[in-house]
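Residue numbers (this note's numbering): 27 to 417.
In structure tokens:
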């Protein structure tokens, strides 16, 4: 195994270590008064029961699919499928366990100050984010090493490409967790509103309404466990797809070009961990401003680090070609630069159309004063405005 691969694996382990540190920090925080802990315990119990039941169903389906994959495509492909499914499920389950315990601690922290509440909420979210990135990177890197070094397969061989089925295993978990959790939470939300608010006259989100607890359970299993599985799938599939394309188009230095996406992922894990420590509330008490600090710090560090990583792995001036197209390492680095810029634009555009301080949300709120119809029309107008109208 090369030194570069060891560094990539170390970056994945670092993400998991960061997650463990963050979890210990969260669990050590004040969980609030007895009533808060009682409500939180009910949500925790419901979330654990739901996810355990869901994962048992997924396991039955997963075993059946893995058996079919092993029979028709071979044990190596089935092993990749199982690795992807298992790690995706693990990331989602741990993320859910953290979220249902961080909720009450975030509420308690927010009662002391906005800065404390933001710190607790962001740290609990970072746990899932780092676990997803770390486990996904490890699943691809370690299994690739097993195939190439353990089974002595050529990196561009058909067996290696077929065996990279980790993304398909992650997709199985993603479908169940995302759709199942979403349907559950929406059913509980609508049912709770109809029975609680309309029939019983209980205010919305009142803990006396059992459907409110079920709604919060669904939020955690769908938006935490489901989102984690969804992101795991996206992260793993993106890296695998890039590596497969590299094996197809770069026949001269296949191994180097297949390692480059892994090196990018490893580098960005390190810079993202550093960026989390820049998320601090300023004098303006702007939460988005604090999040922008973390993003900008991570982006700048990534641009600097990826420049040197690109030079070390593939060479900035080393020319390569795909048929009649000639490019070098600097061109690939600029692709990453463009990706970071576009990510920043997506964040800003999303904030503009959803932030309470900007015109779109203010206009929709003002339109709501005259009824549901004007609310829908105004919201629909802003949905299409970026495509067809001028600001």
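Just so you know, even glycine gets a beta-carbon here, dropped at the ideal spot from N, CA and C.
Residue 385 and residue 318 have their C-alpha atoms spaced approximately 20 Å apart. DSSP places residue 306 in the coil class of the three-state scheme, outside both helix and strand. Assignment of residue 382 by DSSP, reduced to helix, strand and coil, places it in the coil class. Per DSSP, reduced to three states, the secondary structure at residue 178 is coil, with no helix or strand assignment. Under DSSP, residue 351 shares a beta bridge with 348. In the structure shown, the three-state DSSP call for residue 366 is helix. Under the 10 Å beta carbon count, residue 204 is surrounded by 16 or more other beta carbons and is classified as buried. In this chain, residue 248 is not harboured by any alpha helix (DSSP H), its DSSP state being neither H nor E. Of the residues assessed, residue 154 falls on the buried side of the cut-off, its CB having 16 or more other CB atoms within 10 angstroms. By the Cβ test, the segment 116-127 is in contact with the segment 254-261, since at least three Cβ pairs between them sit closer than 8 Å. Under the three-pair Cβ rule at 8 Å, the segment 323-331 does not count as touching the segment 270-288. It is roughly 22 Å from the alpha-carbon of residue 53 to the alpha-carbon of residue 239. The beta-carbon distance between residue 168 and residue 313, rounded to whole angstroms, is 37 Å. This is too long to meet the 8 Å contact definition. Non-local beta-carbon contacts of residue 194 in its own chain, meaning distances under 6 Å to residues more than five positions away in sequence, involve 107 in chain order. Here the segment 61-78 makes contact with the segment 126-137; the two share three or more CB pairs at distances below 8 Å. Exposure of residue 32 is indicated by the presence of fewer than 16 other C-beta atoms within 10 angstroms of its C-beta. When only Cα atoms are considered, residue 235 and residue 73 end up about 17 Å apart. Taking residue 138 as reference, the option from 398, 359, 407 and 57 with the minimal CA-CA separation is 57. In the three-state reduction of the DSSP assignment, residue 257 falls in the helix class, which pools H, G and I.
Assignment of residue 401 by DSSP, reduced to helix, strand and coil, places it in the helix class. Taking the Cα positions, residue 290 is about 34 Å away from residue 94.
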